[in-house]
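Trainee:
Numbering (full-length UniProt numbering), first residue to last: 1 to 500.
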């Protein structure tokens, strides 16, 4: 488990940070400072002092390790030693003998002891410079380190000249850990190197959240702002969001390359989709407006109307049938995609009425061959499925009105939809249509289902099979009759002409 991940997940920062950048500009000594022992000169104890290692030779400071935990502790010490040896310059640098005995201890009792040089610590860390100057001690202990490995690594980095090169290739999480400790001990060069690294490297989305969380704790405004520039939103972005959405959606609707258009439709639909399980996590989310979506719907309807008018009156002197078929299919597909977005964003109630009012378009639809028009019926199918699932909540009369306008066209195009559309789901449509019809009044159910009965007998499998709705209506009408108040007029069962 990465040390930096432990730091971030626990949310703990060593008590030393209270004396670093996160406190006010002139922090007073904390009431409970980190355990950093600088004993006054006293006569040496009777027993000889334990040996101190250099940074190249880490040793255990546990006088009597627990046998059950010694293997794990040894593994941690070896790992720390390997890390430090990779970070440090080659042995032999002219540092002289170590004159400070530094012990790093974690809350779980793990301890590492190293020999370091006071001139290095004092030159690189304002925290150590202050403590060493006040006490003049050669023994320093830092207790309750959040992660001993990260603290030791930061101490090693004080010996490095080119910190940026030493950090190259590190994981973002580890560098965040180094940044927190560097800030705690006022290691300015370490802080600067970490910030420069974070500004330059890519972040995953999880790392992005970690970076923002850690940097929000610091008061280094300019460097931190530079690092966060890639995620910092300008105030004008919110006001321009809808214009951006309109530009993107319009670009897709007008795209010439069919493959690119399909890919971008799937991408934008996914980005705009509402994830109801995480609504609380997206309180600041910017949404495409209802006005923008319906503006585009009206544009598609106008284009579709022009195409159908041209197809209904086409002669040999006009453009080829293939071009016209392609344009009708594209405009129908565009409108269906917008309807899917409206359904997903729970804004489609208005479209049901808009679609119900397209009686002129429905009349043109009936005057042109199925090969031109069947894509239009996919819009009706999408609405039936959504109403049947309870995703669109509109008044009963609105539901009946849109079925009265477009159901005949759906019956006529059903066979073509089955044979030519790869995405067509016959069972889902039939189930949605059954449920939608059964939400209507008994008189409206009778009107639609008796007309369907005649159509199904003529077309067979080329007509949707809504037998389940017919059975439910039959039981409601003739078996489980609900008459309500008997003083009210009873339901009259009568065969009537289907309105056109």
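Beta carbons are placed, not taken as given, at the ideal position from N, Cα and C, and that holds for glycine.
These numbers were taken from a predicted model, which means no experiment stands behind them.
Give the DSSP-derived three-state secondary structure of residue 105 in the structure shown.
Mentor: Numbered from 1 along the chain shown, position 105 holds the residue referred to as residue 105. It is a strand residue.
Trainee: Is the distance from the Cβ of residue 301 to the Cβ of residue 335 below 8 Å?
Mentor: Mapped onto the chain shown, residue 301 falls at position 301. Mapped onto the chain shown, residue 335 falls at position 335. It is a contact, given that the beta carbons lie within the stated cut-off.
Trainee: Can you tell me whether residue 481 is helix, strand or coil according to DSSP?
Mentor: On the chain shown, position 481 is the one that residue 481 refers to. Of the three classes helix, strand and coil, the one that applies to residue 481 here is coil, per DSSP.
Trainee: Might you give, ordered along the chain, the residues of its own chain that have their beta carbon closer than 6 Å to the beta carbon of residue 398, omitting 5 neighbours on each side?
Mentor: Along the chain shown, one-based indexing puts residue 398 at 398. Closer than 6 Å at the Cβ level, and outside the excluded window around residue 398, lie 352 and 353.
Trainee: Please report the distance separating the alpha-carbon of residue 72 from that of residue 340.
Mentor: The residue given as residue 72 occupies position 72 in the chain shown. The residue given as residue 340 occupies position 340 in the chain shown. Taking the straight line from one Cα to the other gives about 57 Å.
Trainee: Between which residues of its own chain and residue 394 is the CB-CB distance below 6 Å, once the five residues before and five after are set aside?
Mentor: Taking the chain shown and counting its residues from 1, the one referred to as residue 394 is at position 394. The residues are 349 and 352.
Trainee: Please list the segments of the alpha helix (DSSP H) lying wholly inside the segment 367-417, counting only runs of 4 or more residues, in order along the chain.
Mentor: With a minimum length of 4 residues, the continuous alpha helix (DSSP H) runs that stay inside the segment 367-417 are 370-388.
Trainee: Can you check which of these residues, 113, 364, 285 and 170, is closest to residue 197 by C-alpha distance?
Mentor: In the chain shown, counting from the first residue as 1, residue 197 sits at position 197. Ranking 113, 364, 285 and 170 by Cα distance to residue 197 puts 170 first.
Trainee: Closest by CA to residue 427, which one among 461, 396 and 443?
Mentor: Mapped onto the chain shown, residue 427 falls at position 427. The shortest C-alpha separation from residue 427 is found at 461.
Trainee: Taking its Cβ as the centre, do 16 or more other Cβ atoms sit within 10 Å of residue 29, making it buried, or is it exposed?
Mentor: If you number the chain shown from 1, residue 29 lands on position 29. Because residue 29 carries a pLDDT of 33, less than 50, the predicted location of this residue cannot be relied on, and no value is offered for it.
Trainee: Give every residue of the same chain whose Cβ lies closer than 8 Å to the Cβ of residue 299, excluding the five residues on either side of it in the sequence, and list them in chain order.
Mentor: Your numbering for residue 299 matches position 299 in the chain shown. These residues qualify, in order along the chain: 253.
Trainee: Quick one: is residue 380 near chain D, going by C-beta distance under 8 Å?
Mentor: The chain labelled as chain D is not found in the depicted structure, where only one protein chain is given.
Trainee: Excluding five sequence neighbours on each side, which residues of the same chain lie with their C-beta closer than 6 Å to the C-beta of residue 481?
Mentor: Within the chain shown, residue 481 is the residue found at index 481, counting from 1. Cβ neighbours of residue 481 beyond the five flanking positions: none.
Trainee: Kindly list the residues whose CB is nearer than 7 Å to the CB of residue 472, restricted to its own chain and excluding five residues on each side of it in sequence; keep chain order.
Mentor: Residue numbering aside, residue 472 sits at position 472 when the chain shown is read from its first letter. Closer than 7 Å at Cβ, skipping near neighbours: 438.
Trainee: What's the gap between the Cα of residue 224 and the Cα of residue 106?
Mentor: Position 224 of the chain shown, counting from 1, holds the residue named residue 224. Position 106 of the chain shown, counting from 1, holds the residue named residue 106. Going by the C-alpha atoms only, they are around 29 Å apart.
Trainee: Between which two residues does the alpha helix (DSSP H) containing residue 448 stretch?
Mentor: Locating residue 448 in the chain shown gives position 448, counting from the first residue. Where residue 448 is concerned, the enclosing alpha helix (DSSP H) stretches over 442-459.
Trainee: Got a sec, what are the start and stop residues for the alpha helix (DSSP H) residue 339 sits in?
Mentor: Position 339 of the chain shown, counted from the first residue, corresponds to residue 339. Its alpha helix (DSSP H) spans residues 321-344.
Trainee: If we ignore side chains and look at the alpha-carbon of each, how far apart do residue 361 and residue 381 end up?
Mentor: For this step, residue 361 is matched to residue 361 along the chain shown. For this step, residue 381 is matched to residue 381 along the chain shown. Cα to Cα, residue 361 sits roughly 16 Å from residue 381.
Trainee: Could you give the DSSP three-state label for residue 231: helix, strand or coil?
Mentor: Start at 1 with the first residue of the chain shown, and residue 231 comes out as number 231. Three-state DSSP puts residue 231 in coil, outside helix and strand.
Trainee: Report the option in 325, 294, 447 and 297 whose CA atom is closest to the CA atom of residue 309.
Mentor: By 1-based counting over the chain shown, the position of residue 309 is 309. Residue 309 has its Cα closest to that of 325, out of 325, 294, 447 and 297.
Trainee: Using a Cβ-Cβ cutoff of less than 7 Å, which residues in the same chain neighbour residue 246 once the five nearest sequence positions on both sides are dropped?
Mentor: Here residue 246 refers to the residue found at position 246 when the chain shown is read from its first residue. If we look at residue 246 and ignore the five residues flanking it on each side, its Cβ neighbours are 292.
Trainee: What distance in whole Å lies between the Cβ atoms of residue 124 and residue 183, which are believed to be in contact at a cut-off of 8 Å?
Mentor: The count along the chain shown starts at 1 and reaches residue 183 at position 183. The count along the chain shown starts at 1 and reaches residue 124 at position 124. Residue 183 to residue 124, Cβ: 13 Å. No contact.
Trainee: Identify the residues that DSSP records as bridge partners of residue 201: which are they?
Mentor: For the purposes of this step, residue 201 is taken as the residue at position 201 of the chain shown. According to DSSP, which records beta bridges pairwise, residue 201 is partnered with nothing at all.
Trainee: How would you write the range of the alpha helix (DSSP H) that residue 261 sits in, first residue to last?
Mentor: Walking along the chain shown from the start, residue 261 turns up at place 261. From DSSP, the alpha helix (DSSP H) with residue 261 extends over 258-272.
Trainee: Do you know offhand how far residue 297's Cα is from residue 338's?
Mentor: Reading the chain shown from its first residue, position 297 is the one you call residue 297. Reading the chain shown from its first residue, position 338 is the one you call residue 338. For residue 297 and residue 338, the distance between alpha carbons rounds to 7 Å.
Trainee: Tell me the rounded alpha-carbon separation between residue 230 and residue 206.
Mentor: As a position in the chain shown, residue 230 is number 230, starting the count at 1. As a position in the chain shown, residue 206 is number 206, starting the count at 1. Distance between the alpha carbons of residue 230 and residue 206: 15 Å.
Trainee: Using a Cβ-Cβ cutoff of less than 6 Å, which residues in the same chain neighbour residue 242 once the five nearest sequence positions on both sides are dropped?
Mentor: Numbered from its first residue, the chain shown carries residue 242 at position 242. Result list for residue 242: 289 and 292, in chain order.
Trainee: Can you tell me where the alpha helix (DSSP H) with residue 148 in it begins and where it stops?
Mentor: In the chain shown, the residue the question calls residue 148 occupies position 148. Its alpha helix (DSSP H) spans residues 148-157.
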